[in-house]
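Structure first, then comments.
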Ligand SMILES: [Ca+2]
Ligand SMILES: [Ca+2]
Ligand SMILES: [Ca+2]
């Protein structure tokens, strides 16, 4: 009997650590910056500019993005190919096709290879045809608040 208490405690520790590892892993990569309206024309046929989004890995370990995807507010997805890796404390930029990023209240969702939601942006509106973009500030800030986001001079890949 004397040992049952510590056994239970060990189990609780194991469960708590499992939860902690899980949440730490899922929180490691965020959608960090979105440029839906770069200076120039990004619509099809006459494009002179390309819209893009940036991921940021807040963890000190590389993360394998193979099979992860980004879904836009129309439900269309971009899936990262096998072998896609985002380095520790580093950025990954994804250019997108014309029109893929809405310039009016776009919400993007990052989904891992198992189909679980990893991150979600605020509703981002960029009607200015210039080099300003929505970014988490500071990079990686994620409190599930619209205050995480600021409209600043774009910083693609850094
Ligand atoms: Ca533009
Ligand atoms: Ca812009
Ligand atoms: Ca950036």
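In the working numbering, the protein residues as written are 12 to 169. Even for Gly, the Cβ is constructed at its ideal location relative to N, Cα and C.
Since residue i and residue j should fall inside the 8 Å C-beta cutoff, what is the C-beta to C-beta distance between them, to a whole number of angstroms?
| i | j | result |
| --- | --- | --- |
| residue 67 | residue 168 | That belief does not hold up - the Cβ atoms of residue 67 and residue 168 are roughly 10 Å apart, past 8 Å. |
| residue 110 | residue 55 | 7 Å |
| residue 145 | residue 137 | 7 Å |
| residue 39 | residue 78 | Their Cβ separation, rounded to whole angstroms, is 16 Å, which puts residue 39 and residue 78 out of contact at 8 Å. |
| residue 76 | residue 107 | Contact doesn't hold; Cβ gap of about 16 Å is too wide. |
| residue 61 | residue 52 | Going by Cβ atoms, the distance from residue 61 to residue 52 rounds to 10 Å, so no, they are not a contact pair. |
| residue 99 | residue 73 | 5 Å |
| residue 104 | residue 63 | 6 Å |
Opposite residue i in the DSSP bridges: which residues?
| i | result |
| --- | --- |
| residue 164 | 143 |
| residue 100 | Looking at the DSSP assignment, residue 100 forms no beta bridge with any residue, so it has no partner. |
| residue 83 | In the DSSP output, where bridge partners are listed per residue, residue 83 has none listed. |
| residue 90 | 80 |
| residue 75 | 96 |
So, is residue i buried or exposed, given that buried needs 16 or more other C-beta atoms within 10 angstroms?
| i | result |
| --- | --- |
| residue 48 | buried |
| residue 42 | buried |
| residue 34 | The predicted model places residue 34 with a pLDDT of 45, which falls under 50 and marks its position as unreliable; any figure quoted below should be read in that light. Result: exposed. |
| residue 71 | exposed |
| residue 128 | exposed |
| residue 44 | buried |
| residue 85 | exposed |
| residue 83 | buried |
| residue 59 | exposed |
| residue 32 | In this prediction, residue 32 scores a pLDDT of 49, lower than 50, which makes its location untrustworthy; no coordinate-derived value is stated. |
| residue 147 | buried |
| residue 154 | exposed |
### Query
Going along the chain, which residues put their C-beta within less than 7 Å of some heavy atom in ligand 1?
48, 49, 50, 51, 52, 53, 60, 140
### Query
Where in the segment 102-149 do unbroken runs of the beta strand (DSSP E), each at least 3 residues long, occur, reported from the N-terminal end onward?
102-106, 120-122, 128-131, 143-147
### Query
Which runs of the beta strand (DSSP E) spanning at least 3 residues fall entirely within the segment 39-66, listed in chain order?
40-46
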